[in-house]
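Comments concern the structure below.
In full-length UniProt numbering, the protein residues as written are 1 to 789.
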């Protein structure tokens with residue numbers, strides 16, 4: 001069967017295609033691009049934000065920089081409205097289109113009714129043929145052919161059958177395909193223009209776009225950091241494994257993102273020759289005389305001066321150096337993260353090659369991490385953490401440490417009595433004081449629970465070279481939520497001393513460190529308590545789980561002496577008189593039997609037989625109770641196995657949830673001196689602080705809103721022994737919020753691998769061969785002559 005293509009001459013099919021294609025573009029574009037109003041949560045957050053002067057200046061600067069957002073929203077709205085107007089017009093156009101598809105009807109051609117007789121058909125044919133015959137004056141050749149075809153379709157059996165089955169007297173025709181394009185596209189005069197458009201699109205525009213994208217993409221890493229900058233970090237961190245904080249800042253300022261030759265967005269002004277030298281004289285730690293390349297280049301020295309001006313909160317000219325500083329500060333978080341990744345790679349390669357002398361030290365990693373809060377908060381590494389709060393100045397800090405009080409950290413300020421705190425900040429008015437308290441309320445308070453284990457189905461002990469998994473659970477709350485209740489209580493009853501807060505904080509840390517070990521001890525003690533209850537008759541008051549490891553300290557701040565932990569002493573309980581004989585335990589049954597023997601010996605000899613019967617009954621009771629205890633132990637064992645399986649299943653489900661991507665959103669940071677809005681971030685890693693070594697690669701956490709569970713994996717030491725590692729949590733935006741938890745690893749030797757005898761085939765083959773040689777049986781290949789011999 002032949003095929004025939006037909007183009008849309010009237011444009012009806014093309015409008016259907018155009019309407020469908022336009023709807024597929026317009027519906028998702030409207031859903032995703034239509035500007036939305038701010039949610040209620042966003043409005044509440046804006047009400048709680050800090051209203052200090054630096055924060056207001058920052059918001060004004062961001063609003064000026066984002067004025068194009070309102071224009072963009074208006075343009076998007078207008079564009080979408082125009083798109084919907086076009087869609088309505090297309091729909092109206094399509095509704096008016098009537099496609100010509102008329103079913104062939106021979107009765108209509110002969111102008112007779114359906115069901116007419118053969119005589120009526122012949123009569124109508126003669127009448128119409130005389131009228132439309134081509135030889136007549138009123139003749140019409142095409143009309144006459146249609147009349148003849150219709151007459152044949154109604155009188156000839158074969159033609160009539162074709163019309164009834166296929167709707168066409170001629171039988172099945174060619175297959176026709178309609179193309180939803182106007183016919184003018186394939187007209188002879190327009191073919192050159194169509195080919196020209198195709199050539200421009202596919203041979204000029206597409207290669208140029210792909211080439212530009214490829215040329216730009218090969219310069220950057222996946223985090224949009226120049227590969228030249230990554231090579232620069234690799235060179236310096238390999239050359240200087242133990243890098244100081246001052247050197248880290250110099251390497252950061254030497255990044256090629258700040259060089260005009262590598263980044264076209266960098267602006268070099270003639271005014272820099274007049275404004276940068278005075279700024280350099282104000283910064284004593286700049287070390288501008290360093291001759292090492294590229295640390296001595298002009299762009300590097302300028303970027304270093306702008307970074308130090310940020311640390312010291314020096315005001316710069318708004319239209320020149322301030323703009324350059326804002327651009328550099330925006331780039332720094334990504335560059336710092338790239339530095340940490342490069343150090344992690346160098347540590348991993350040094351451990352693999354066992355070249356520890358080339359491995360970057362732990363101090364290098366921590367110095368890089370210190371630069372991040374320095375940039376975001378605009379402070380130096382040695383300054384007081386209280387300078388991160390609004391309205392707190394260096395002059396005010398002199399009154400924070402006296403003989404009566406010692407306020408050195410933000411926690412110390414928060415835990416003070418309200419009257420004492422207001423007296424300490426008496427130089428601030430009520431509005432400024434409220435700004436300080438709002439900032440303190442939103443600061444993070446993270447609880448860290450650490451658990452170390454080896455994930456193995458057979459043996460969970462830590463052996464030399466095994467993969468250790470440290471599971472860290474982080475629970476984040478705001479500082480105001482944590483201390484609000486305690487502050488209210490202590491405001492009513494008295495001041496909340498700083499020494500007591502330190503003691504409580506130490507207890508929380510010790511509780512978090514020992515929580516994994518406490519769970520195992522609690523299980524063992526609960527099992528022992530159950531055995532005591534079965535063995536004892538008198539009720540006992542058992543200690544609760546959370547009361548076992550409480551550490552009570554004296555008011556004077558000195559820790560009370562710890563009593564050594566006594567092992568359980570199993571004592572024989574005294575029988576209770578009110579208890580029924582059926583409720584007696586085996587021990588009690590033995591005691592009562594012994595007493596009865598002692599009494600019967602003083603009596604007559606005729607009572608010996610009942611005594612023997614009593615002893616046999618006691619033995620039967622013992623056997624029954626022992627069988628019951630065995631059955632209970634079996635049931636308890638099966639329940640424990642089911643609980644272990646359920647715990648493994650839950651852990652696997654958690655691993656699957658960890659693999660799902662999370663939105664990088666946590667909590668906003670109070671950072672008035674940073675040019676952009678910043679979300680809280682954390683670094684989590686395992687380190688050996690004694691040997692200054694990084695054990696696991698730092699993991700960056702950017703989605704800690706309420707709680708999060710992170711797994712850190714590393715190889716255990718190759719030599720058996722007791723090792724102490726530190727799990728460190730560092731903030732990338734605040735000082736004085738880092739946490740360190742120590743974990744102890746008892747590394748044991750590898751267990752000897754048992755040799756399975758079923759795999760030792762050689763010995764079996766030798767034995768079978770010897771047995772065959774000793775046997776006198778005939779071989780399968782022996783002949784009759786050999787048998788006769």
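We put the beta carbon where it would ideally sit given N, CA and C, even for glycine.
Just so you know, these numbers come straight off a predicted model, no measurement behind them.
In chain order, what residues of the same chain lie with their CB nearer than 7 angstroms to the CB of residue 235, ignoring the 5 residues before and after it?
Position 235 of the chain shown, counted from the first residue, corresponds to residue 235. Closer than 7 angstroms at the Cβ level, and outside the excluded window around residue 235, lies no residue.
Beta-carbon within less than 6 angstroms of residue 302's beta-carbon, same chain only, minus the 5 sequence neighbours each way: which residues are those?
Here residue 302 corresponds to residue number 302 of the chain shown, with the count starting at 1. Answer for residue 302: 276, listed in chain order.
Taking just the CA atoms, how far does residue 283 sit from residue 411?
Along the chain shown, read from residue 1 onward, the residue named residue 411 stands at position 411. Along the chain shown, read from residue 1 onward, the residue named residue 283 stands at position 283. Counting only the Cα atoms, residue 283 lies some 31 angstroms from residue 411.
Can you tell me whether residue 254 is buried or exposed, with buried defined as 16 or more other CB within 10 angstroms of its CB?
Mapped onto the chain shown, residue 254 falls at position 254. The residue is buried, with at least 16 neighbouring Cβ atoms inside 10 Å.
Mind checking who residue 139 pairs with in its DSSP beta bridge?
Here residue 139 refers to the residue found at position 139 when the chain shown is read from its first residue. In the DSSP assignment, residue 139 is bridged to no other residue.
Pairing CB atoms from the stretch 245-261 with CB atoms from the stretch 324-344, are three or more of them under 8 angstroms?
Taking a cut-off of 8 angstroms for Cβ pairs, the stretch 245-261 and the stretch 324-344 touch, as three or more such pairs fall below it.
Check whether the stretch 202-214 and the stretch 295-310 are in contact - that is, three or more C-beta pairs closer than 8 angstroms.
For the pair of segments examined, the stretch 202-214 was found not to touch the stretch 295-310: the number of CB pairs separated by less than 8 angstroms stays below three.
Cut-off 8 angstroms between Cβ atoms - residues of its own chain near residue 113, not counting five sequence neighbours on either side
Working through the chain shown from its first residue, we reach residue 113 at position 113. The residues are 107.
What is the DSSP secondary structure of residue 791, reduced to helix, strand or coil?
Here the chain comprises residues numbered 1 to 789, so residue 791 is not present and cannot be evaluated.
What are the start and end residues of each continuous alpha helix (DSSP H) run of 4 or more residues lying completely inside the stretch 52-92, in chain order?
Given a length threshold of 4 residues, each whole run of the alpha helix (DSSP H) inside the stretch 52-92 is given here in chain order: 53-65.
Tell me the residue span of the beta strand (DSSP E) that contains residue 791.
Nothing can be reported for residue 791: it is not among the residues displayed for the chain, which extend from 1 to 789.
Could you give the DSSP three-state label for residue 434: helix, strand or coil?
Here residue 434 corresponds to residue number 434 of the chain shown, with the count starting at 1. It is helical.
Whole angstroms are fine: how far does the CA of residue 427 sit from the CA of residue 739?
Taking the first residue of the chain shown as 1, we reach residue 739 at position 739. Taking the first residue of the chain shown as 1, we reach residue 427 at position 427. One C-alpha to the other measures close to 33 angstroms.
Option nearest residue 476 by Cα separation, candidates 209, 78, 701 and 723
What you label residue 476 is simply residue 476 of the chain shown in a count that begins at 1. When only C-alpha atoms are compared, the closest one is 701.
Buried or exposed for residue 145, please, with buried defined as at least 16 other CB atoms from any protein chain shown within 10 angstroms of its CB.
The residue labelled residue 145 in the question sits at position 145 within the chain shown. Label assigned to residue 145: exposed.
Starting from residue 372, trace the alpha helix (DSSP H) in both directions and tell me its first and last residue.
On the chain shown, position 372 is the one that residue 372 refers to. 362-377 is the extent of the alpha helix (DSSP H) around residue 372.
Alpha-carbon spacing of residue 567 relative to residue 349, whole angstroms
Indexing the chain shown from 1 puts residue 567 at position 567. Indexing the chain shown from 1 puts residue 349 at position 349. Reliability fails at residue 567, whose pLDDT of 36 lies under 50, so the model's placement of it is uncertain and the value that follows must be treated cautiously. Each residue's Cα considered, the two are about 48 angstroms apart.
Answer yes or no: do residue 248 and residue 367 have a C-beta to C-beta separation smaller than 8 angstroms?
Residue 248 sits at position 248 when you count from the first residue of the chain shown. Residue 367 sits at position 367 when you count from the first residue of the chain shown. In contact: residue 248 and residue 367 (Cβ atoms closer than 8 angstroms).
For residue 599, is the classification buried or exposed, using 16 other Cβ atoms within 10 angstroms of its Cβ as the cut-off for buried?
Counting from one through the chain shown, the residue named residue 599 turns up at place 599. Because residue 599 carries a pLDDT of 35, less than 50, the predicted location of this residue cannot be relied on, and no value is offered for it.
Is it buried or exposed, residue 825, if we count other Cβ atoms within 10 angstroms and call 16 or more buried?
Since the first residue of the chain shown is 1 and the last is 789, residue 825 is not available in this structure.
Measuring straight from C-alpha to C-alpha, what distance separates residue 545 and residue 447?
Translated into positions along the chain shown, residue 545 becomes position 545. Translated into positions along the chain shown, residue 447 becomes position 447. Because the pLDDT of residue 545 is 35, which lies under 50, any placement of that residue in the model is unreliable, and the question is left without a value.
Does DSSP put residue 281 in a helix, in a strand, or in coil?
Within the chain shown, numbered from 1, the residue matching residue 281 stands at position 281. In this structure, residue 281 counts as helix in the three-state DSSP scheme.
Given this structure, state the Cα-to-Cα distance separating residue 364 from residue 225, to the nearest angstrom.
Translated into positions along the chain shown, residue 364 becomes position 364. Translated into positions along the chain shown, residue 225 becomes position 225. When rounded, the distance between both Cα atoms is 21 angstroms.
Hey, could you find the ends of the alpha helix (DSSP H) residue 345 is sitting in?
Working through the chain shown from its first residue, we reach residue 345 at position 345. Annotation for residue 345: the continuous alpha helix (DSSP H) segment containing it runs 321-353.
Identify which residue in 387, 463 and 239 has its Cα closest to the Cα of residue 357.
Taking the chain shown and counting its residues from 1, the one referred to as residue 357 is at position 357. With distances taken between Cα atoms, residue 357 lies closest to 239.
List the whole-angstrom C-beta distance separating residue 748 from residue 462, where the pair is believed to meet the contact cut-off of C-beta under 8 angstroms.
For the purposes of this step, residue 748 is taken as the residue at position 748 of the chain shown. For the purposes of this step, residue 462 is taken as the residue at position 462 of the chain shown. Rounded to whole angstroms, the Cβ separation of residue 748 and residue 462 is 7 angstroms, and the two are in contact under 8 angstroms.
With a Cβ-Cβ cutoff of 8 angstroms, do residue 469 and residue 482 count as a contact?
Along the chain shown, read from residue 1 onward, the residue named residue 469 stands at position 469. Along the chain shown, read from residue 1 onward, the residue named residue 482 stands at position 482. No, the Cβ-Cβ distance between residue 469 and residue 482 is not below 8 angstroms.
When the Cα atoms are used, what is the spatial distance from residue 215 to residue 223?
Here residue 215 refers to the residue found at position 215 when the chain shown is read from its first residue. Here residue 223 refers to the residue found at position 223 when the chain shown is read from its first residue. About 16 angstroms.
Considering only the alpha carbon of each residue, which of 267, 187, 377 and 265 lies closest to residue 679?
As a working note, residue 679 is residue 679 in the chain shown. The residue with the shortest Cα to Cα distance from residue 679 is 377.
Go through its chain and collect everything with a Cβ distance to residue 52's Cβ below 6 angstroms, but skip five positions before and after it.
Against the chain shown, residue 52 aligns to sequence position 52. So the qualifying residues of the chain are 390 and 435.
Roughly how many angstroms lie between the CA atoms of residue 49 and residue 467, to the nearest whole one?
As a position in the chain shown, residue 49 is number 49, starting the count at 1. As a position in the chain shown, residue 467 is number 467, starting the count at 1. Here the C-alpha atom of residue 49 lies approximately 45 angstroms from the C-alpha atom of residue 467.
Would you decide whether residue 163 is buried or exposed? Buried here means 16 or more other CB atoms lie within 10 Å of its CB.
Residue numbering aside, residue 163 sits at position 163 when the chain shown is read from its first letter. The residue in question, residue 163, is buried, as its Cβ has 16 or more Cβ neighbours within 10 Å.
Quick check: what's the CA-CA separation for residue 696 versus residue 725?
As a position in the chain shown, residue 696 is number 696, starting the count at 1. As a position in the chain shown, residue 725 is number 725, starting the count at 1. Computed Cα separation, rounded: 11 angstroms.
Express the C-alpha separation of residue 126 and residue 117 in angstroms, rounding to a whole number.
As a position in the chain shown, residue 117 is number 117, starting the count at 1. As a position in the chain shown, residue 126 is number 126, starting the count at 1. Their Cα atoms are separated by approximately 15 angstroms.
With a threshold of 7 angstroms on Cβ separation, who are the neighbours of residue 190 within its own chain once the five nearest residues in sequence on each side are excluded?
On the chain shown, residue 190 is found 190 positions in, with the first residue counted as 1. Excluding five sequence positions before and after residue 190, the CB atoms of its chain that fall closer than 7 angstroms to its own CB belong to 184, given in chain order.
Does DSSP put residue 391 in a helix, in a strand, or in coil?
Position 391 of the chain shown, counted from the start, is the residue given in the question as residue 391. If DSSP states are grouped into helix, strand and coil, residue 391 belongs with coil.
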